[in-house]
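Start counting the sequence shown at 0; every next residue gets the next number (numbering that gives the first Met the number 0).
Every residue, glycine too, gets a C-beta built ideally from N, C-alpha and C.
None of these values were measured; they are calculated from a predicted model.
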Amino acid sequence: MKRNDDDHIATCVGKALENYFQQLEGEKPAAVYAMVIKSVERPMLEVVLKQTGGNQTLAAEILGINRNTLRKKLVDHKLID
């Protein structure tokens, strides 16, 4: 089932980007990479933290990142102080 989940997420992101470019109506896009990462990263962190009951060590393990990196991202997204 993991492969289908990957495909679904990619499809959702792709459709959102298609919509974004359509809404530009000829305007030049800017910082698309940063926009996508910012849009996806926060909800991902929120869901994983919820699934782990707020356990940052476990959340970092599930995300495949270092716990310190996770904490920095949580602060950046104002999910913790």
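> What is the C-beta distance between Glu40 and His76, in whole angstroms, given that I count them as a contact (C-beta under 8 Å)?
Replying inline: 7 Å
> How many Å lie between Gly52 and Pro42 at the Cα?
Replying inline: 15 Å
> Going by beta carbon distance, what residues of the same chain come within less than 6 Å of Met0, once the five residues before and after it are set aside?
Replying inline: Low confidence applies here, because Met0 scores a pLDDT of 48, under 50, leaving its location unreliable and the question unanswered by this model.
> Within this structure, are the beta carbons of Asn65 and Ala58 separated by less than 8 Å?
Replying inline: no
> So, Tyr62 versus Val47, is the Cβ gap smaller than 8 Å?
Replying inline: For the sequence presented, residue 62 should be read as Leu rather than Tyr. Going by C-beta atoms, Leu62 is nearer than 8 Å to Val47.
> Start and end of the alpha helix (DSSP H) containing Glu45?
Replying inline: DSSP places Glu45 inside the alpha helix (DSSP H), whose first and last residues are Val31 to Gln50.
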